[in-house]
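Residue numbers (the UniProt record's numbering): 1 to 625. Note that beta-carbon positions come from the ideal geometry of N, C-alpha and C, so glycine has one too. From a predicted model like this one, the values you see are computed outputs, not experimental measurements. Remarks on the structure that follows.
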């Protein structure tokens with residue numbers, strides 16, 4: 001997650017601005033790398049990179065050339081002819097019907113898929129396959145939304161140029177493919193029955209084309225790539241969307257709403273009927289005015305909204321929902337008191353950074369000595385989503401982050417493999433302080449570093465099922481990051497000797513977030529985490545034994561059913577009381593009078609009560625019914 005998660009007033013939406021989404025004629029310098037020309041490697045970067053040839057452009061009457069649909073002089077073409085680098089080229093995320101057309105010449109039809117549409121780096125759909133035909137010198141063409149293809153029945157000639165048109169619908173996730181030897185059909189009806197179709201297991205949004213190398217024997221030449229929201233050559237809609245944004249109506253720990261604004265041009269040229277997948281439409285009417293802004297209000301945060309236009313032409317616009325989540329104040333106490341089975345990143349204090357397998361809320365708690373977690377816990381393993389929680393940016397003093405964790409299964413890890421699974425970051429999510437694990441036989445070691453790899457490991461070998469408490473810290477007035485592993489929580493302070501230390505290459509200037517990381521299926525073991533605390537004071541990490549720092553302290557009744565708490569101690573001198581909710585926010589503060597304290601109208605739940613008497617501080621957990 002980028003800094004976007006902390007900016008609550010403006011979120012840029014993602015839109016499809018016109019019917020032509022992408023055109024690439026591959027007319028680059030002879031033998032040029034596609035990654036030097038707006039394509040990006042997503043796998044095998046630099047290994048047998050995909051290039052264009054030398055004057056190897058394909059021709060197809062009615063489609064290529066200055067008089068064809070592409071309206072560009074033929075030049076070079078992309079060569080997909082080895083096993084190695086896979087690449088993508090992105091366009092505005094789009095829903096509805098998407099048409100991808102291109103010229104294809106197959107010289108060798110080693111079985112596999114070489115091209116298609118995607119929604120992210122390697123999240124593919126509408127994959128185009130080839131395999132050997134029924135007779136020598138031929139190939140068959142296939143289609144699928146997964147890695148298993150359905151092939152057509154026609155044998156196509158090797159070394160002949162064909163026009164391939166792929167239609168994909170993001171709602172039905174149905175795909176169709178036509179492979180045409182001559183002529184350009186005016187529309188889908190004229191094209192007749194598709195050579196092959198596919199359905200299911202597709203993507204609900206499409207935002208890139210991919211080219212894939214899977215076999216050293218494959219040999220496909222691709223040219224004249226066109227991605228649009230209409231059949232190739234069809235008249236484009238004059239109405240187009242130029243920009244969009246989404247603004248949170250509020251930023252709270254509850255689910256908020258947002259308002260989307262979509263700018264358009266080319267209106268006043270037909271009848272345009274507007275509908276939305278969520279919220280209410282207002283603003284300017286493109287049927288009446290040439291330019292303006294369509295407004296969609298009352299949309300729930302985290303829910304993308306789609307504006308659909310029908311009538312004179314059919315287009316749509318997707319606005320990506322903002323996450324209207326506040327920055328957590330310090331001290332931040334996270335007992336993971338959420339519904340069991342929920343995705344952690346969907347909770348209001350966390351956000352998902354990427355896609356994949358969720359970090360889940362799990363039932364039960366961990367116990368370290370006499371310190372037992374409250375609420376629930378979380379668990380994760382293997383590859384998947386990284387979850388991020390932002391907190392108040394800290395630039396001075398000392399910041400600490402501590403939690404209990406239990407490695408429950410190491411079996412997916414190879415011996416001596418390492419991973420870092422907890423990271424302190426700045427506001428832009430730059431990784432600054434990392435907590436590592438390394439498998440050693442059937443056990444593991446804990447490591448600590450500012451870099452992405454480390455040799456800085458605690459010598460202690462630990463077993464699965466063992467609950468460990470760790471505190472990571474940084475003093476902005478010093479140079480070292482520190483980690484305390486299984487400290488004595490009855491006496492823990494900044495003076496407690498650290499188990500591991502490390503000196504970053506450059507001083508850390510701010511800390512503003514914590515990230516939980518799922519690296520890979522072979523590096524990330526099964527881990528349970530409980531009772532996360534982030535604070536600028538070590539007092540917030542003191543465990544059960546430290547709760548008795550005030551001799552003879554008593555607090556009752558607990559659970560509390562009214563609003564009066566009673567306090568007493570051996571000295572019975574003046575006491576002050578601060579009450580915090582589970583998010584670390586102070587909700588009540590005051591003095592004890594005649595051994596009583598009025599908590600006000602606290603809602604039912606779990607709270608932390610901090611009591612101070614003669615400079616001594618103690619804490620208690622309070623349950624309000």
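Apart from sequence neighbours up to five positions away, the residues of its chain that approach residue 357 with a beta-carbon distance below 6 angstroms are 384, ordered along the chain.
Residue 323 sits buried, since 16 or more C-beta atoms from the chains shown fall within 10 Å of its C-beta. Under the three-state reduction of DSSP, residue 158 is assigned to coil, being neither helix nor strand. Our two residues, residue 56 and residue 161, have alpha carbons roughly 12 angstroms apart in a direct line. Bridge partners of residue 492 according to DSSP: none are assigned.
Nearest to residue 619 by alpha-carbon distance, out of 557, 590, 269 and 553, is 553. For residue 191, the uninterrupted alpha helix (DSSP H) segment begins and ends at 188-191.
By DSSP's assignment, residue 620 forms a beta bridge with 609. Three or more Cβ pairs closer than 8 angstroms define a contact, and the stretch 231-244 falls short of that threshold against the stretch 204-215. In its chain, beyond the 5 residues on either side, 80, 81, 108, 110, 112 and 114 have a beta carbon closer than 7 angstroms to the beta carbon of residue 218. Taking the Cα positions, residue 425 is about 12 angstroms away from residue 451.
Rounded to the nearest angstrom, the gap between the Cα atoms of residue 251 and residue 392 is 15 angstroms.
Going by beta carbons, residue 525 and residue 381 fall inside the 8 angstroms limit.
Inter-residue distance for residue 366 and residue 514 is about 20 angstroms (C-alpha atoms, whole angstroms). With fewer than 16 other Cβ atoms inside 10 Å of its own Cβ, residue 625 counts as exposed. Three or more Cβ pairs closer than 8 angstroms define a contact, and the stretch 57-71 meets that threshold against the stretch 22-32.
Only residues of its own chain outside the window of five on either side were considered, and among them 6, 390, 391 and 392 have a CB closer than 7 angstroms to the CB of residue 327, listed in chain order. In this chain, the beta strand (DSSP E) harbouring residue 228 covers 219-228. Approximately 5 angstroms separates the beta-carbon atoms of residue 221 and residue 77; this is inside 8 angstroms, confirming the contact.
Note on geometry: alpha-carbon atoms of residue 178 and residue 532 lie some 55 angstroms from one another.
Counting C-beta atoms within 10 angstroms of its own C-beta, residue 565 has 16 or more neighbours from the protein chains shown and is therefore classed as buried. For residue 351, the beta-bridge partners assigned by DSSP are 388. Taking residue 84 as reference, the option from 43, 74 and 104 with the minimal CA-CA separation is 43. DSSP, reduced to helix, strand and coil, places residue 540 within a helical segment of the structure shown. About 6 angstroms separates the beta carbon of residue 379 from that of residue 360, a gap short enough to meet the 8 angstroms contact definition. Taking 8 angstroms as the cut-off, the Cβ atoms of residue 405 and residue 517 do not count as close.
The residues 261, 282 and 283, in chain order, have a CB closer than 6 angstroms to that of residue 295 in the same chain once the five nearest residues on each side in sequence are set aside. Here the C-alpha atom of residue 127 lies approximately 37 angstroms from the C-alpha atom of residue 297. Shown here for residue 215: same chain residues with a beta carbon closer than 7 angstroms to its own, the five before and five after excluded, namely 83, 110 and 112 in chain order. Looking only at 577, 74, 249 and 318, the smallest Cα-Cα distance to residue 598 is reached by 577. A straight line joining the alpha-carbon of residue 98 with that of residue 104 spans about 19 angstroms. In the structure shown, residue 253 falls within a coil segment according to DSSP collapsed to helix, strand and coil. Per DSSP, the beta bridge partners of residue 209 are 89 and 117. Distance from residue 306 to residue 277 at the Cβ level is roughly 4 angstroms; contact confirmed, criterion being Cβ atoms closer than 8 angstroms. According to the DSSP assignment, residue 248 belongs to the beta strand (DSSP E) that extends over 240-248.
In the structure shown, the three-state DSSP call for residue 447 is strand.
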